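Per my numbering, numbering of the sequence shown is gapless, rising by one per residue and ending at 143.
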Amino acid sequence: MVRLDLSVCSLYVDGICKDGKILLVKRNCEPFKGFWHVVGGQVQAKETFKEALKREYLEETGLDVKISDILTHRIEKTFDRLKLIVVLKV
54 MVRLDLSVCS LYVDGICKDG KILLVKRNCE PFKGFWHVVG GQVQAKETFK
104 EALKREYLEE TGLDVKISDI LTHRIEKTFD RLKLIVVLKV
């Protein structure tokens, strides 16, 4: 089992829709207010990737979606943290 040190690593999820389509939403708060982005966000404690993305879709769009497979993942390095971003199919 892999354990992550959450003091230096954050977990995020993004969603790619059916047939390779992407649903974009316009940010209404900082950072990046007014910019378009894919639906997603930070995984909360004890949440699975699927639970987190389902919650983010409901919060950001009002849509109750079915989450299926993990498509890919990536790691981004910020100033003092690593971000693991998991992309799932919606």
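Just so it is clear, CB atoms sit at the ideal spot from N, CA and C, and this is done for glycine as well. Predicted model only: the values in this text are computed from it and were never measured.
- Under the DSSP assignment, L116 falls outside any beta strand (DSSP E); it carries neither an H nor an E label.
- Taking every protein chain shown into account, the CB of G73 has fewer than 16 other CB atoms within 10 angstroms, so this residue is exposed.
- Just so you know, the alpha carbons of T101 and V118 end up roughly 15 Å apart.
- For the options R127, K103, W89 and K130, the alpha carbon positioned closest to that of I120 is the one of K103.
- Within the same chain, and ignoring the five residues on either side of I75 in sequence, the residues whose Cβ sits closer than 7 Å to its Cβ are I69 and V91.
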